[in-house]
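*Asks:* Residue numbers (the working numbering): 60 to 322.
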DNA sequence: ATGGCCAATATGATTGGA
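(1) I need the boundaries of the beta strand (DSSP E) containing residue 136, first residue and last residue.
(2) At the level of alpha carbons, what is the spacing between residue 317 and residue 284?
(3) Can you say whether residue 243 is buried or exposed, counting buried as having 16 or more other CB atoms within 10 angstroms of its CB?
(4) Unbroken beta strand (DSSP E) runs of length 3 or more, entirely within the region 174–224: which are they?
(5) Take the Cβ of residue 160 as the centre, count every other Cβ of all protein chains shown within 10 Å, and call the residue buried at 16 or more, exposed below.
(6) Pairs of beta-carbons, one from the region 83–103 and one from the region 117–131, closer than 8 Å: are there three or more?
(7) Hey, which unbroken runs of the beta strand (DSSP E) at 3 residues or more fall wholly within the region 269–314?
(8) Which residues mark the beginning and the end of the beta strand (DSSP E) in which residue 115 is found?
(9) Note down the Cα distance separating residue 42 from residue 286, rounded to an integer number of angstroms.
(10) Quick check: the Cα distance between residue 201 and residue 306, rounded to an integer number of angstroms?
(11) Report buried or exposed for residue 262, applying the criterion of at least 16 other Cβ atoms within 10 angstroms of its Cβ.
(12) Count the other C-beta atoms from every protein chain shown that fall within 10 angstroms of the C-beta of residue 219, then say buried if there are 16 or more, exposed otherwise.
(13) Under a Cβ-count criterion, where at least 16 other Cβ atoms within 10 Å of its own Cβ denotes burial, should residue 300 be classed as buried or exposed?
(14) Provide the residue span of the alpha helix (DSSP H) that contains residue 231, from first to last.
(15) Classify residue 62 as helix, strand or coil using the three-state DSSP reduction.
(16) Give me whichever residues DSSP pairs with residue 125 in a beta bridge.
(17) Given this structure, state the Cα-to-Cα distance separating residue 71 from residue 77, to the nearest angstrom.
(18) State whether the region 173–180 contacts the region 241–258, with contact taken as three or more CB pairs (one from each stretch) at a distance under 8 Å.
(19) Could you give the first and the last residue of the continuous alpha helix (DSSP H) run that contains residue 83?
(20) For the beta strand (DSSP E) that residue 148 lies in, which residues bound it at each end?
(21) DSSP state of residue 101, grouped into three classes?
(22) Per DSSP, which residues does residue 261 bridge with? Please list them.
(23) From this set, 83, 95, 236, which residue's C-alpha is nearest residue 67's C-alpha?
(24) Out of 178, 73, 296, point me to the one whose CA is closest to residue 101's CA.
(25) Just to confirm my understanding: we take residue 167, look at its own chain, exclude 5 residues before and 5 after, and list those with CB closer than 6 Å. What are they?
(26) Quick one: Cα of residue 103 to Cα of residue 113, how far?
(27) Are residue 313 and residue 298 closer than 8 Å when you measure CB to CB?
(28) Can you tell me which of the three DSSP states residue 164 falls into?
Pasting the structure below:
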């Protein structure tokens, strides 16, 4: 079973690339971030035509997340618990059933938090605290689940082309990294790092300043696996080549393969 | 962080992104 996540930076601008990539990688479950449209404007039909069920949690102009699944959804729920006043469309949880049980997938678009001296940074940290609380609660069920999305977190200096330049950035500040590490400490596994210790493996390159041709990137999109999911991990990867396409998103897709058959 | 960006919006200047 292949789980993938991709910040598409507007699903309507990226539809052609999305369809090509879906055919090429054929993931079973896909988490999309920054769809940047309301639910009614989401281009469902061409995606459904490829065999996907579609669930969206959009809003006007900004943010917005979606789940695509070849397997039917048993349940779908928007919004991360813990702050009823947070109306940003950044979280959508779905449960799909496969042959040997269910898999819960949480699609998330974690706040950027820049500039750090504004109210945006405490909002990010609070969101991360809510995500930790959510994850602790879900771990109690001892069922396989995946946190998938744009975390806007550079976990370690190995995950950024020039750590010095990012020391004061909301994606790399110690309180940000500490909260990401807290997710690891409670038992979640970074799928990509479970299969590769290669440095300079990035998921985002800025549109500006020749970042892509110079490989000035950062690794901020992640798949975190619960113990029952990481037991099933067989491979993971970054679809770096997608960044070189015409009219590319500034993020590329990442994926993980989980084998739920008997060992 | 930056050699020059990109997307959405009653739209041509502003906001947000990372």
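In this text, a Cβ means the ideal position worked out from N, Cα and C, and glycines have one as well.
*Replies:* Working from what's here:
(1) Your numbering for residue 136 matches position 77 in the first chain. Note, residue 136: beta strand (DSSP E), 132–137.
(2) For this step, residue 317 is matched to residue 258 along the first chain. For this step, residue 284 is matched to residue 225 along the first chain. Distance between the alpha carbons of residue 317 and residue 284: 10 Å.
(3) As a first step, residue 243 must be located in the first chain, where it is residue number 184. Counting the other CB atoms within 10 Å of its CB gives residue 243 a total below 16, which places it among the exposed residues.
(4) Runs of the beta strand (DSSP E) lying entirely within the region 174–224, each at least 3 residues long, are 204–209 in chain order.
(5) Counting from 1 along the first chain, the entry for residue 160 is found at position 101. Label assigned to residue 160: exposed.
(6) In short, these stretches touch, since the Cβ pair count reaches three.
(7) DSSP runs (the beta strand (DSSP E)) wholly in the region 269–314: 280–284, 292–297.
(8) Here residue 115 refers to the residue found at position 56 when the first chain is read from its first residue. From DSSP, the beta strand (DSSP E) with residue 115 extends over 112–116.
(9) A question about residue 42 goes unanswered here, because the residues of the chain that appear run from 60 up to 322.
(10) As a working mapping, residue 201 is identified with position 142 in the first chain. As a working mapping, residue 306 is identified with position 247 in the first chain. Pairing residue 201 with residue 306, the inter-Cα distance amounts to about 41 Å.
(11) Sequence index remark: in the first chain, residue 262 carries index 203 (1-based). By the 16-neighbour rule on beta-carbons within 10 angstroms, residue 262 is buried.
(12) By 1-based counting over the first chain, the position of residue 219 is 160. Its Cβ being crowded by 16 or more others within 10 Å, residue 219 is buried.
(13) Walking along the first chain from the start, residue 300 turns up at place 241. Label assigned to residue 300: exposed.
(14) Against the first chain, residue 231 aligns to sequence position 172. Careful: residue 231 lies outside any alpha helix (DSSP H) and carries neither H nor E.
(15) Position 3 of the first chain, counted from the first residue, corresponds to residue 62. Under the three-state reduction of DSSP output, residue 62 falls in the strand class.
(16) Locating residue 125 in the first chain gives position 66, counting from the first residue. Bridge partners of residue 125: 91, 115.
(17) The count along the first chain starts at 1 and reaches residue 71 at position 12. The count along the first chain starts at 1 and reaches residue 77 at position 18. Taking the CA atoms as reference points, residue 71 sits about 10 Å from residue 77.
(18) Contact check between the region 173–180 and the region 241–258: fewer than three CB pairs, one atom from each, fall below 8 Å, which does not count as touching.
(19) If you number the first chain from 1, residue 83 lands on position 24. 74–84 is the extent of the alpha helix (DSSP H) around residue 83.
(20) The count along the first chain starts at 1 and reaches residue 148 at position 89. Element bounds for residue 148: n/a, residue is neither H nor E.
(21) Here residue 101 refers to the residue found at position 42 when the first chain is read from its first residue. Coil.
(22) Numbered from 1 along the first chain, position 202 holds the residue referred to as residue 261. Per DSSP, none; premise fails for residue 261.
(23) The sequence position of residue 67 within the first chain is 8, counting from 1. It is 95.
(24) As a position in the first chain, residue 101 is number 42, starting the count at 1. Taking only the C-alpha atoms, the option nearest residue 101 is 73.
(25) Against the first chain, residue 167 aligns to sequence position 108. The residues are 150, 208.
(26) On the first chain, residue 103 is found 44 positions in, with the first residue counted as 1. On the first chain, residue 113 is found 54 positions in, with the first residue counted as 1. Residue 103 and residue 113: Cα-Cα distance of roughly 7 Å.
(27) Position 254 of the first chain, counting from 1, holds the residue named residue 313. Position 239 of the first chain, counting from 1, holds the residue named residue 298. The criterion of a C-beta distance shorter than 8 Å is satisfied by residue 313 and residue 298.
(28) As a position in the first chain, residue 164 is number 105, starting the count at 1. Look at residue 164 here: in three-state DSSP terms it is strand.
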